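K.L.:
Reading the sequence shown from the start, the letters are residues 26 to 402 in the numbering used here.
Backbone N, C-alpha and C define an ideal beta-carbon position, used for all residues, glycine too.
All values reported here derive from a predicted model rather than from experimental measurement.
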Amino acid sequence: MEVDFELIPGQDPQDDLQVKFGSLALSLDLPPAPIPQGAVLAPQAYPEAVRPFLEPDEFIQSDHPEVVELAREILAGVPAERRESAYHVAWAVYEWMSKNIEHDSILDEIPTAEGEPALRDVTNEVWQTLSGEGWCWGRNFYDWASRPAELLALRSGICVEHSWLAAALLRALGIPARAAVGANQIWVQLPSGEGWWAGFSTTQGRGAFRLRGQLGPGFGDLPWPAFYSVLPRPVLHEDWSRENPGLWRERHPWQESYPGTQTGYAQALAALEEFAAFGEAPRGSSPARLRGSPRYFIHYSDVTINLWNLGDQRTLEVRFPVVSEAEGQSFTGHFAYWTNHPECLVRTWVEEIENPPAAGVERWFHLEFDLTPLLGD
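Here it is as structure tokens:
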């Protein structure tokens, strides 16, 4: 076998660029919104605010021929008298993905429902993105992640890729769906016209089915996500403006929770100050112990970008989503960031995105870097 390589001149960067971000919100910790069996599938009756989430885009390929064909196959398996029920159609998508699309996980050693080992090869995507040891290759997270048609070929992916395929199938079947970070929300509408967004996770569905042969977890029993997009395209933990593909990795996004009191608020603000100074998040209270009562929470995420293969690019923007405003959840206006190369930081700003008639505002915190000190002229 012959392999041809093209070698191009490059740089010898002094270091990787690491950037971390956290934003503070108050959660009332309301019960998860259900997906009732009376929910209807009626695209013409949906409110204008949710109709944008029926449209395809480059990430949620609801118009891709393979996605459309699979959506039709899934619908054909739903009894004819239930095909106008959003509950039953959404369940059919949830069931198909839970049974057929693996979640790329190395975190447990319990055999699958089929008796196969759940411990996957260490070259898998979870290890690459979240272990702090593996590396991914791409211009950014959006570029790296498998599109729905690609996931159908691979039959295994991380939660982000699960949510993109699930949203594509749901939209192809007339159910508004938006991809949060690794899960979905679907629009639930009753015959009366009342409606709401409800949680939908085939990652949880696959995990429960693989380990226990169980279906149901992740179908309407999810808390409100930290972020959601007002655009048809999904929101991710972080994004950056690399022109050439390169190596990158992240640590799994995480939250620290504090009591929903003045004391808890003060603790959270002190934690943000410490994070901004040292780049490490102080440990707060366990979210499980605070469940069912108001709480403050800080959502943290980070990315490490290897600077090899950057070419002539010297300016790089890195952005992180700010916790979204929602019923039972409000952004306090406080955030913090940290980077291992503050000398390269040129400026920061907050971007606000609106997309009428979609409701809400999507916020991203931007950091612009001049990498010349690390790469030279």
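(1) So H113 is in the beta strand (DSSP E); what residue range does that whole segment cover?
(2) For T228, count neighbouring Cβ atoms within 10 angstroms of its own Cβ and tell me buried if that reaches 16, exposed if not.
(3) For F303, count neighbouring Cβ atoms within 10 angstroms of its own Cβ and tell me buried if that reaches 16, exposed if not.
(4) By Cβ distance, which residues of its chain are closer than 8 angstroms to R308, with the 5 residues on each side in sequence left out?
(5) When the Cα of E91 is compared with those of V255, E175, F322 and A50, which residue comes out closest?
(6) Thinking C-beta only, is W265 closer than 7 angstroms to Y325?
(7) Taking the straight line between their C-alpha atoms, what separation do you get for L42 and G220?
(8) Just curious, the alpha helix (DSSP H) that W169 is in, first and last residue?
(9) Go ahead and pull the three-state DSSP assignment for V147.
(10) Apply the 10 Å Cβ neighbour rule to V147 and answer buried if 16 or more other Cβ atoms are within range, or exposed otherwise.
(11) Under 8 angstroms by Cβ, that's how I've got T373 and L392 pegged, so tell me the actual separation to the nearest angstrom.
(12) Helix, strand or coil: which one does DSSP assign to L132?
(13) Which partner residues of Q214 appear in the DSSP bridge assignment?
(14) Give the straight-line distance between the Cα atoms of T436 and I211, rounded to the nearest whole angstrom.
(15) Give me the DSSP bridge partner(s) of W273.
(16) Hey, could you find the ends of the beta strand (DSSP E) I378 is sitting in?
(17) Which residue comes first and which comes last in the alpha helix (DSSP H) that contains S188?
(18) How would you call E305, buried or exposed, if buried means at least 16 neighbouring beta carbons within 10 angstroms?
(19) Please go through the same chain and pick out, in chain order, the residues whose beta-carbon is closer than 6 angstroms to the beta-carbon of T329, but skip the five residues on each side of it.
(20) Around the Cβ of V213, are there at least 16 other Cβ atoms within 10 angstroms (buried) or fewer (exposed)?
(21) Compare the C-alpha of A404 against each of A296, A384, R388 and P59 and name the closest.
(22) Should Q354 and S52 be called a contact, given that it needs their Cβ atoms to be closer than 7 angstroms?
(23) Hey, out of F252, R339 and P284, whose CA is closest to R320's CA?
(24) With H, G and I counted as helix, E and B as strand and the rest as coil, what does DSSP make of T340?
(25) Using C-beta distances below 6 angstroms, list every residue in its chain close to V93, excluding the 5 sequence neighbours before and after it, in chain order.
(26) From this set, E387, A70, H366 and F394, which residue's C-alpha is nearest E376's C-alpha?
(27) Could you give the distance in angstroms between the alpha-carbon of V151 and the alpha-carbon of T397?
(28) For P270 and G163, what's the separation of their Cα atoms in angstroms?
(29) Taking only the alpha-carbon atoms, compute the straight-line gap between S181 and W121 and give it to the nearest angstrom.
(30) To the nearest angstrom, how far is the alpha carbon of C184 from that of Q287?
(31) Would you kindly report the start and end of the unbroken beta strand (DSSP E) that includes E413?
(32) Within this structure, are the beta carbons of S123 and L272 separated by less than 7 angstroms?
(33) Could you have a look at L392 and say whether DSSP puts it in helix, strand or coil?
(34) Closest by CA to P216, which one among P56, H359 and A67?
(35) Given F300, which residues of its chain have a CB within under 6 angstroms of its CB, disregarding the five upstream and five downstream residues?
P.N.:
Inspection of the coordinates gives the following:
(1) In the sequence shown, residue 113 corresponds to position 88, counting from 1. First-last for H113: A111 to N125, but that is the alpha helix (DSSP H), not the beta strand (DSSP E).
(2) Translated into positions along the sequence shown, residue 228 becomes position 203. With 16 or more other Cβ atoms within 10 Å, it is buried.
(3) By 1-based counting over the sequence shown, the position of residue 303 is 278. Under this definition F303 is an exposed residue.
(4) Taking the sequence shown and counting its residues from 1, one reaches residue 308 at position 283. Cβ within range, chain order: E281.
(5) Start at 1 with the first residue of the sequence shown, and residue 91 comes out as number 66. Comparing Cα-Cα distances from E91 to each of V255, E175, F322 and A50, the minimum goes to E175.
(6) Position 300 of the sequence shown, counted from the first residue, corresponds to residue 325. Position 240 of the sequence shown, counted from the first residue, corresponds to residue 265. No; because the gap between Cβ atoms is not below 7 angstroms, this pair is not in contact.
(7) Position 17 of the sequence shown, counted from the start, is the residue given in the question as residue 42. Position 195 of the sequence shown, counted from the start, is the residue given in the question as residue 220. So the two alpha carbons sit approximately 44 angstroms from each other.
(8) Numbered from its first residue, the sequence shown carries residue 169 at position 144. Run containing W169: F166 to W169, per the alpha helix (DSSP H) assignment.
(9) Numbered from its first residue, the sequence shown carries residue 147 at position 122. Interpretation of V147 is limited by its pLDDT of 40, a score under 50 that renders its predicted location unreliable; the figure taken from the coordinates is listed afterwards. Coil, per DSSP.
(10) One-based indexing of the sequence shown puts residue 147 at position 122. In this prediction, V147 scores a pLDDT of 40, lower than 50, which makes its location untrustworthy; the coordinate-derived value is nonetheless stated afterwards. It counts as exposed.
(11) Counting from 1 along the sequence shown, the entry for residue 373 is found at position 348. Counting from 1 along the sequence shown, the entry for residue 392 is found at position 367. Sure, about 5 angstroms apart at Cβ, within 8 angstroms.
(12) Mapped onto the sequence shown, residue 132 falls at position 107. Any answer about L132 is weak, because its pLDDT of 49 lies below 50 and its placement is not dependable; what the coordinates show is given next. Here L132 sits in coil by DSSP.
(13) Taking the sequence shown and counting its residues from 1, one reaches residue 214 at position 189. DSSP output for Q214 lists G220 as bridge partner(s).
(14) As shown, the chain starts at 26 and ends at 402. That puts residue 436 outside it, with no answer to give.
(15) Along the sequence shown, read from residue 1 onward, the residue named residue 273 stands at position 248. Answer is C161 and I330.
(16) For the purposes of this step, residue 378 is taken as residue 353 along the sequence shown, with counting starting at 1. First-last of the beta strand (DSSP E) with I378: L370 to I378.
(17) Walking along the sequence shown from the start, residue 188 turns up at place 163. It spans C184 to A197 - the alpha helix (DSSP H) in which S188 sits, taken as one unbroken run.
(18) Locating residue 305 in the sequence shown gives position 280, counting from the first residue. E305 is exposed by the Cβ-count criterion.
(19) For the purposes of this step, residue 329 is identified with residue 304 of the sequence shown, where counting begins at 1. Counting only Cβ-Cβ distances below 6 angstroms, and skipping sequence neighbours, we find D41, Q43 and R274.
(20) For the purposes of this step, residue 213 is identified with residue 188 of the sequence shown, where counting begins at 1. Flag for V213 reads buried.
(21) With the chain covering 26 to 402 only, the question about residue 404 has no answer from this structure.
(22) Reading the sequence shown from its first residue, position 329 is the one you call residue 354. Reading the sequence shown from its first residue, position 27 is the one you call residue 52. Their beta carbons are under 7 angstroms apart, which means Q354 touches S52 by this criterion.
(23) Counting from 1 along the sequence shown, the entry for residue 320 is found at position 295. If we check each option's Cα against that of R320, P284 comes out closest.
(24) Residue numbering aside, residue 340 sits at position 315 when the sequence shown is read from its first letter. If DSSP states are grouped into helix, strand and coil, T340 belongs with the strands.
(25) Your numbering for residue 93 matches position 68 in the sequence shown. Excluding residues within five positions, the ones whose Cβ falls inside 6 angstroms are A197.
(26) Here the question's residue 376 lines up with position 351 in the sequence shown. When only C-alpha atoms are compared, the closest one is E387.
(27) By 1-based counting over the sequence shown, the position of residue 151 is 126. By 1-based counting over the sequence shown, the position of residue 397 is 372. In a straight line, the C-alpha of V151 is about 32 angstroms away from that of T397.
(28) By 1-based counting over the sequence shown, the position of residue 270 is 245. By 1-based counting over the sequence shown, the position of residue 163 is 138. Near 4 angstroms, if we compare the C-alpha coordinates of G163 and P270.
(29) Translated into positions along the sequence shown, residue 181 becomes position 156. Translated into positions along the sequence shown, residue 121 becomes position 96. Near 13 angstroms, if we compare the C-alpha coordinates of W121 and S181.
(30) Within the sequence shown, numbered from 1, the residue matching residue 184 stands at position 159. Within the sequence shown, numbered from 1, the residue matching residue 287 stands at position 262. Roughly 35 angstroms between the two C-alpha positions.
(31) Outside the displayed range of the chain (26 to 402) lies residue 413, so it cannot be described from this structure.
(32) By one-based count along the sequence shown, residue 123 stands at place 98. By one-based count along the sequence shown, residue 272 stands at place 247. Not closer than 7 angstroms, so no.
(33) On the sequence shown, residue 392 is found 367 positions in, with the first residue counted as 1. L392 falls in the strand class under three-state DSSP.
(34) Here residue 216 refers to the residue found at position 191 of the sequence shown. Cα-wise, what sits closest to P216 is A67.
(35) For this step, residue 300 is matched to residue 275 along the sequence shown. Excluding sequence neighbours, F300 sits near G47, A306 and A361.
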